[in-house]
Amino acid sequence: MKLCDPEEARRVPGRRLRFGERFRFRCHPQIDCFNRCCRNLRLLLYPYDVLRLKGALAISSEEFLDRHAEIELAPGGLFPEVRLRMAENEERSCPFLGEAGCRVYPDRPDTCRSFPLEQGLLYEAATGRDEPVFFFRPPPFCRGPREPAEWTIETWRADQQAEVYHRMTVRWARLWRRFQENPWGREGPEGRRGRMAFMAAYNLDRFREFVFESSFLERFRLPPSVREAIGEDDEALLSFGLAWIEFFLWGEKNGPFRAAGPRA
Ligand code: SF4
Ligand code: SF4
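Below, the structure written as structure tokens:
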């Protein structure tokens, strides 16, 4: 996900695609370059990617982050990047690459799912508006664009079952952009509030423990339907977690957070 202003969008390599514009692409196991794109990668993981992958592997979010993620706060950065840890072999292949292809295919990350498209978020500071944008940018070794199938953003997204990924990635990108305005103050992104935001987005099982096992539910009155949903459903919990970040960092009341009144 690229965050860009209109000027930067013009400089992004590759072809910017508008909705309805066509591109050629097909990927299949018989193609010469099969799986070449799953090696030597710098693959960013977004919160929804982690949710799906930890479910596919039947492990907790904490285990997933420990085993499969590299978490790095760049010098001067305002939120850590989470990347998939590649195998320690010569090719630095993806740990989920098997003989027959991707072993987590139904739950593969947004970047893999959208490929050869890359989604960006175009932001105009003057108006405060943003819009998702797409770039067609297969690497030179990828032979998919020589194949006969034609797509638009819309048909590709539907074919790859990427709608929910794109929606959740845009939601995350909007928060990420606001993190760049330094909501952490002097404590920085490694302080208490930065760690809370990281947990609410990336470490969902730990966040669930925090909600249900701390004084959280005494401090906030949540509708029973919300309590039930976030207790059982990771997607509901992630949406809740992102709304929680907006609430505790910026005071936005677009989530279900109501301070609990005095006890009767
Ligand atoms: S390089 Fe392109 S065509 Fe080849 S396997 Fe990857 S996505 Fe498919
Ligand atoms: S998750 Fe699957 S598609 Fe993505 S790089 Fe790994 S093996 Fe390839």
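Per this note's numbering, numbering through the sequence shown is continuous, rising by one, with the last residue being 461. Beta carbons are placed, not taken as given, at the ideal position from N, Cα and C, and that holds for glycine. None of the values given here were measured: they were computed from a predicted structure.
Going by DSSP, name the residue or residues bridged to residue i.
i           : result
residue 299 : 294
residue 348 : 220
residue 316 : 331
residue 241 : 280
residue 392 : For residue 392, which the question treats as bridged, DSSP gives no partner whatsoever.
If you compare alpha carbons, which of the options is closest to residue i?
i           : options            : result
residue 226 : 456, 382, 355, 296 : 296
residue 384 : 206, 276, 200, 257 : 276
residue 243 : 294, 320, 363      : 363
residue 203 : 328, 417, 273, 270 : 328
residue 445 : 216, 430, 311, 376 : 376
residue 410 : 421, 420, 428, 423 : 428
residue 434 : 210, 332, 271, 407 : 407
residue 414 : 289, 396, 441      : 441
Within the present structure, is the beta-carbon of residue i separated from the nearest heavy atom of ligand 1 by less than 6 Å?
i           : result
residue 201 : no
residue 309 : no
residue 317 : no
residue 341 : yes
residue 239 : no
residue 299 : no
residue 233 : yes
Provide the residue span of the beta strand (DSSP E) that contains residue i, from first to last.
i           : result
residue 456 : Per DSSP, residue 456 belongs to no beta strand (DSSP E) and is neither H nor E.
residue 199 : 199 to 201
residue 264 : Not the beta strand (DSSP E): residue 264 falls in the alpha helix (DSSP H), residues 258 to 265.
residue 280 : 278 to 281
Say yes only if the C-beta of residue i is nearer than 6 Å to one or more non-hydrogen atoms of ligand 2, and no if none qualify.
i           : result
residue 280 : no
residue 293 : yes
residue 416 : no
residue 230 : no
residue 305 : yes
Identify the continuous alpha helix (DSSP H) that holds residue i and give its terminal residues.
i           : result
residue 333 : Not the alpha helix (DSSP H): residue 333 falls in the beta strand (DSSP E), residues 326 to 333.
residue 209 : Where residue 209 is concerned, there is no enclosing alpha helix (DSSP H), given that its DSSP letter is neither H nor E.
residue 287 : Counting along the chain, residue 287 falls outside any alpha helix (DSSP H), and DSSP gives it neither H nor E.
residue 436 : 431 to 447
residue 246 : 244 to 254
residue 410 : 401 to 410
residue 368 : 360 to 376
The region 211 to 223 in contact with the region 342 to 358 per 3-pair CB rule at 8 Å: Under the Cβ criterion (8 Å, minimum of three pairs), the region 211 to 223 counts as touching the region 342 to 358.
Three-pair Cβ contact test at 8 Å for the region 400 to 413 versus the region 271 to 286: Between the region 400 to 413 and the region 271 to 286, the count of Cβ pairs shorter than 8 Å is below three; the stretches do not touch.
Three or more C-beta pairs below 8 Å linking the region 417 to 432 and the region 441 to 457: Touching, yes.
Any 3 or more C-beta pairs closer than 8 Å across the region 297 to 307 and the region 248 to 266: Touching, per the Cβ criterion.
Touching by the beta-carbon criterion (3+ pairs, under 8 Å), the region 311 to 320 and the region 254 to 264: No, the region 311 to 320 is not in contact with the region 254 to 264.
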